[in-house]
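Trainee:
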Amino acid sequence: VTTFFNKLGEVLLSLSYLPTAERLTVVVVKAKNLMWTNGKTTSDPFVKVYLLQDTRKISKKKTGVKRDDPNPVYNEAMIFPVPAIELSLRITVAESCEDGRTENIGHVIIGPESGGLGVTHWNQMLATLRKPVSMWHTRGGPRSSHTRLILELDMNVDPTSRSSVV
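In our numbering, each number is its position in the sequence shown, counted from 1, plus 311.
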């Protein structure tokens, strides 16, 4: 397992791919031990999922906000129609700053070129088509290596938003 900064927390994701329908299902199960920037002790996390084509956003979905919870449980599924060959996942944890900026505090990459646990999870999903495969992913720091991204999940912290799945 490639770990950059263990103290940032972990995200449990379930991936399932249906090849005949060319449909990827991402279930954001839960997160644990989330740490906030600037010494905050609590915040309101949520997860955003973007379907990208090259760098253009095609679709956006997000989970509901979990108030004051460093160990949120989501159990929310997000379905994307897309060929498997074009997929990678990026899970970014961020939070809203008081001045309205969003500050990224870590991420992991899941996909065929990601390496470590990211490629392991990806390959297990493709080896067990039509069945969900779940794994914990430890978030790396903001300078972790990147690959070409098609699907991006952003976990953000927004103390004012109380959004539901879009």
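In this text, a Cβ means the ideal position worked out from N, Cα and C, and glycines have one as well. Just so you know, these numbers come straight off a predicted model, no measurement behind them.
#1: Residues in the same chain with beta-carbon distance under 7 Å from Lys343, minus the five sequence neighbours each way, listed in chain order, please.
#2: Assuming the contact rule is C-beta atoms closer than 8 Å, Pro330 and Leu440 should be a hit. Round their C-beta distance to whole Å, please.
#3: Thinking C-alpha only, which one of Pro423, Ser445, Arg334 and Leu428 is nearest Ser399?
#4: Return the bridge partner residues of Lys377 from the DSSP annotation.
#5: Please report the straight-line C-alpha distance between Val358 and Asn386, rounded to a whole angstrom.
#6: Would you identify the three-state DSSP class for Val393, choosing helix, strand or coil?
#7: Between the C-alpha atoms of Val393 and Glu333, what's the straight-line distance to the nearest angstrom?
Mentor: Per the coordinate set shown:
#1: Looking up residue 343 in the sequence shown gives position 32. Gly320, Glu321 and Asn382, listed in sequence order.
#2: As a working note, residue 330 is residue 19 in the sequence shown. As a working note, residue 440 is residue 129 in the sequence shown. Right, the Cβ-Cβ distance comes to about 6 Å (below 8 Å), so this counts as a contact.
#3: As a working note, residue 399 is residue 88 in the sequence shown. With distances taken between Cα atoms, Ser399 lies closest to Pro423.
#4: Start at 1 with the first residue of the sequence shown, and residue 377 comes out as number 66. None, per the DSSP bridge assignment.
#5: Counting from one through the sequence shown, the residue named residue 358 turns up at place 47. Counting from one through the sequence shown, the residue named residue 386 turns up at place 75. Taking the straight line joining both Cα atoms gives about 11 Å.
#6: Stepping through the sequence shown from its first residue, residue 393 is reached at position 82. DSSP places Val393 in coil when its eight states are reduced to three.
#7: To locate residue 393, count along the sequence shown from 1; it is residue 82. To locate residue 333, count along the sequence shown from 1; it is residue 22. When rounded, the distance between both Cα atoms is 5 Å.
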